[in-house]
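What follows is one structure encoded as structure tokens, with my remarks underneath.
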Amino acid sequence: MAGRFSNRVAVVTGASSGIGAATARRLAEEGFSVALVARRTERIEALAKEITAAGGRACAHTLDVTDRAAVDAFAASLERVDVLVNNAGGAYGADSVESGDPADWRRMFEVNVIGVLHVTQALLPALRASGDGVVVVLSSTAAFVPYEGGGGYVAAKAGEHAIAGTLRLELVGQPIRIVEIAPGMVRTEEFSLTRLGGDAEKAAAVYAGVAEPLTADDVADTIAWAVTRPPHVNVDLLVLRPRAQAAAHKVHREG
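Read left to right, the sequence shown gives residues 1483 to 1737 (my numbering).
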């Protein structure tokens, strides 16, 4: 498998932790040369060293996906791009629509929606030129089912879903596949902690009693599977949940 993708380049945004870091490792295992994109330089440089030490290929690119000029400069620095994984994102706050902070909403839209727009627009020419480009949009089951306290995040992820669906229509007939992966409950080291303002107790309560929420590796493995399908096979939308989660509002909790 590694030989099959050894001449290909994958860009992973939000690669400094969680799903992004796990996806970078997994694609490197498949043979891709991975461009690690994130704001936290030390983390992505450490990850690049880790991947290289394991026999893979990776390079770190410090970048804020909401900065269009920086994104364009990054795109111009790449000789080739075959896969783009739009993973950079995040949730901020868990207030009601009535009491939500517009600054939190704006921040979520900037990184989840506008960030995806910036990077995808900048890299589409290279993806097209590759002859078999793949754009992955990492959305969420929140894109389809709203919930109390999630208005801003739900709206942002619905925006990502709209981008993926629209791109697929606009690029039909071109050598680019548009893949949307929508995870449900995933436990990573930072997502809920960041959303809840660093309150570790509240963050832990999100997963209380759930024996096995999804892990970053679970999602990364799914992304790697989707992008390594034959060129004529497009995984339009794949919803991924732990067995304990039957729906956004139906989670089995032990005890």
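The C-beta atom is built at its ideal place from N, Cα and C for all residues, glycine as well.
Query	Result
Tyrosine 1629 burial status per 10 Å Cβ neighbour count (16 or more: buried)	exposed
Those residues which DSSP pairs with valine 1668 across a bridge	Leu1696
Residue burial classification, lysine 1732 (beta-carbon count within 10 angstroms, cutoff 16)	exposed
Proximity winner among Ala1528, Tyr1574, Ile1533, relative to alanine 1685 (alpha-carbon distances)	Tyr1574
Span separating the alpha-carbon of alanine 1625 from that of arginine 1711	25 Å
Touch test, the segment 1700-1711 against the segment 1662-1681, Cβ-Cβ under 8 Å, three pairs minimum	yes
Opposing strand residues paired with alanine 1540 [DSSP bridges]	Val1516
Distance between beta carbons of arginine 1522 and serine 1498, contact taken as under 8 Å	4 Å
Span of the alpha helix (DSSP H), counted from its first residue to its last, around leucine 1675	1673-1677
Backbone CA spacing between glutamate 1683 and glycine 1513 [nearest angstrom]	40 Å
For leucine 1719, three-class secondary structure by DSSP	strand
Cβ shell of proline 1657 (< 6 Å), same chain only, five flanking positions each side left out	Gly1613, Asp1614
Rounded C-alpha distance that separates valine 1692 from glutamate 1736	6 Å
Other residues of its chain near leucine 1609: CB distance less than 6 Å, five sequence neighbours each side excluded	Val1563, Gly1615, Ile1658
Best match in Val1598, Thr1505, Leu1649 for proximity to aspartate 1700 [C-alpha to C-alpha]	Thr1505
Rounded separation between valine 1617 and valine 1565 - CA only	6 Å
Spatial neighbours of leucine 1649 in its chain, beta-carbon cut-off 6 Å, leaving aside the 5 residues before and after	Ile1660
Close-in-space but distant-in-sequence residues of the same chain around alanine 1557 (CB under 6 Å, 5 per side omitted)	Ala1604, Leu1605
Whole-number beta carbon distance between serine 1578 and glycine 1631, since they are thought to touch under 8 Å	6 Å
Span separating the alpha-carbon of glutamate 1652 from that of proline 1607	14 Å
Methionine 1483 (DSSP reduced to helix, strand or coil)	Summary for methionine 1483: the model assigns pLDDT 42, below 50, so the residue's position carries little reliability; its value from the coordinates is reported in the next sentence. Three-state DSSP puts methionine 1483 in coil, outside helix and strand.
Per-residue DSSP class, three states only, for threonine 1710	coil
Proximity below 8 Å, CB of isoleucine 1533 to CB of alanine 1542	no
Of the listed residues Leu1678, Val1519, Asp1546, Gln1727, nearest to methionine 1667 (C-alpha basis)	Gln1727
Backbone CA spacing between alanine 1503 and glycine 1537 [nearest angstrom]	16 Å
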